[in-house]
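Remarks on the structure that follows.
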Amino acid sequence: MHILVTAGPTREPIDPVRFLTNRSSGKMGYELAAAFAHAGHTVLLVSGPTALDVPDRVDFLPVETAAEMHAAVANHLERMDIAVFAAAVADYTPSTVAPEKVKKSADTLTLELVKTPDILGSARTPFGFAGTLVGFAAETENLEANAREKLTRKRCDLIVANDVSKPGIGFDSDQNEILLVYPDHSEALPQASKHDLAHQLVQAILELYTAQKK
Ligand code: C5P
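For the record, in the sequence shown the residue sitting at position 35 is 34 according to numbering that gives the first Met the number 0, with numbers rising by one throughout.
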């Protein structure tokens, strides 16, 4: 099967030397891409900048900004059977990029930000993706309710939710603890390495795909 995985943070430029980004390490997405490839599938990993090695037997498409990730996904989504959006995409980007390095002068400096395109939210419409669609939700409160709202709004088949306020798991950690939120039920996967969780998740996603095909 053909599987698309987005991973990592995005980098939104302010000027030629500065950017806005977030704490995503990309580990969960890279582990997922590796686990799908290990299971024999053809994987395209669309990733923002990370310090990680590209997993073996995974096709790699590096991007920097949310807009670039949006364009990459738009180009490749149609031929995919499963799409997993694990990237921590910036919600806002500077409205203009200064052509030269911004000089230190006034005591305050205001950055104007504009919304980035919601890539996962575009998958069904306008991209027309009909395959199995999996999103992630990083939350600091009301984990299940917020994830369930995202599931409906972004027309996903599954949301993988994690509580990023818990110490020792999630962002930039090798460990995670996740809640699988399906349209009709939820299932908690207890704390484990991202490597082990990726294998459990791949099983769950492949089962979901098979159930939808019946
Ligand atoms: O709405 P929120 O950003 O919390 O949703 C998270 C999910 O949406 C993740 O799967 C993330 O990869 C995806 N997303 C996206 N494009 C954005 C923002 C989030 O694909 N601009």
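Every residue, glycine too, gets a C-beta built ideally from N, C-alpha and C.
Contact check for residue 79 against residue 130 passes: the beta carbons are separated by less than 8 Å. Between the C-alpha atoms of residue 60 and residue 69 there is a straight-line separation of about 12 Å. Counted as a single uninterrupted DSSP element, the stretch harbouring residue 126 is not any beta strand (DSSP E), since DSSP gives it neither H nor E. Rounded to the nearest whole angstrom, the CA to CA distance from residue 41 to residue 28 is 15 Å. At least one heavy atom of ligand 1 sits closer than 7 Å to the Cβ of residue 135. Annotated as distal: residue 62 and residue 50, with beta-carbon spacing of 8 Å or more. When DSSP assignments are scanned along the region 131–211, the uninterrupted stretches of beta strand (DSSP E) that are 3 or more residues long and fall wholly within it turn out to be 131–138, 157–162, 174–180 and 185–192. The beta carbon of residue 115 sits closer than 7 Å to at least one heavy atom of ligand 1. Ligand 1 has no heavy atom closer than 7 Å to the beta-carbon of residue 156.
Remark: the shortest separation between the CB of residue 90 and any heavy atom of ligand 1 falls under 7 Å.
A residue is called buried once 16 or more other Cβ atoms fall within 10 Å of its Cβ, and residue 109, having fewer, is exposed. DSSP places residue 26 in the helix class (H, G or I) of the three-state scheme.
Taken from the Cβ of residue 5, at least one heavy atom of ligand 1 lies inside 7 Å. Within the region 43–115, the complete alpha helix (DSSP H) segments at least 4 residues long are 65–75, listed from N- to C-terminus.
Relative to residue 150, the option among 83, 55 and 15 whose CA is nearest is 83. If you draw a 10 Å sphere on the C-beta of residue 16, you find fewer than 16 other C-beta atoms in it, and that means exposed. For residue 132, the shortest separation between its Cβ and any heavy atom of ligand 1 does not lie below 7 Å. With a cut-off of 7 Å, the C-beta of residue 13 is classified as distant from ligand 1, since no heavy atom of the ligand falls inside that distance.
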